[in-house]
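Enquirer: First the structure, which I've put down as structure tokens, then a few questions once you've had a look.
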Amino acid sequence: MSNTGTSRGVDLTTASLPRGVQPVRTCVGCRKRANKAELVRIVLAGSELAIDESATAPGRGAYLHPDQACLATATRRRALPRALRARQTVSDEALRAQFARVNVNEQFGSSGMSAR
Ligand SMILES: [Zn+2]
Numbered sequence: 048m049s050n051t052g053t054s055r056g057v058d059l060t061t062a063s064l065p066r067g068v069q070p071v072r073t074c075v076g077c078r079k080r081a082n083k084a085e086l087v088r089i090v091l092a093g094s095e096l097a098i099d100e101s102a103t104a105p106g107r108g109a110y111l112h113p114d115q116a117c118l119a120t121a122t123r124r125r126a127l128p129r130a131l132r133a134r135q136t137v138s139d140e141a142l143r144a145q146f147a148r149v150n151v152n153e154q155f156g157s158s159g160m161s162a163r
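Okay, so the sequence shown: first residue is 48 according to this note's numbering, each after it adds one.
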């Protein structure tokens, strides 16, 4: 009876995926969950909606895919003012302009954001 070899390297289970390592947020447009890094943070600057590119602006933030379709859906549902608890009417003109630029780049939100 020399059955002492019980060291089998069984670590291939995917059940032990580290959860919570990457923060997950819900897009207020399509309502899908995505990694925070894949979404853009929207903040209320005065009475205007704007993309918080540094994601460090104080206050409440809403998350959206950098996709005009998600912005359109969120606008139709008034999801952004609601998510940001805006009490007054907010303008999304600046945000639309920012999204128009985002779609050209398509790489917005990638980890390699280089300053101009
Ligand atoms: Zn979305």
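We put the beta carbon where it would ideally sit given N, CA and C, even for glycine.
Quick caveat, the model's predicted, so the values are computed rather than measured.
Taking the straight line between their C-alpha atoms, what separation do you get for residue 100 and residue 143?
Expert: 14 angstroms
Enquirer: Give the range of the alpha helix (DSSP H) segment to which residue 122 is assigned.
Expert: 115-123
Enquirer: Could you tell me the boundaries of the alpha helix (DSSP H) in which residue 131 lies?
Expert: No alpha helix (DSSP H) holds residue 131; DSSP gives it neither H nor E.
Enquirer: When every heavy atom of ligand 1 is checked, does at least one fall within less than 7 angstroms of the C-beta of residue 76?
Expert: With a threshold of 7 angstroms, the Cβ atom of residue 76 counts as near ligand 1, since some heavy atom of the ligand is closer than that.
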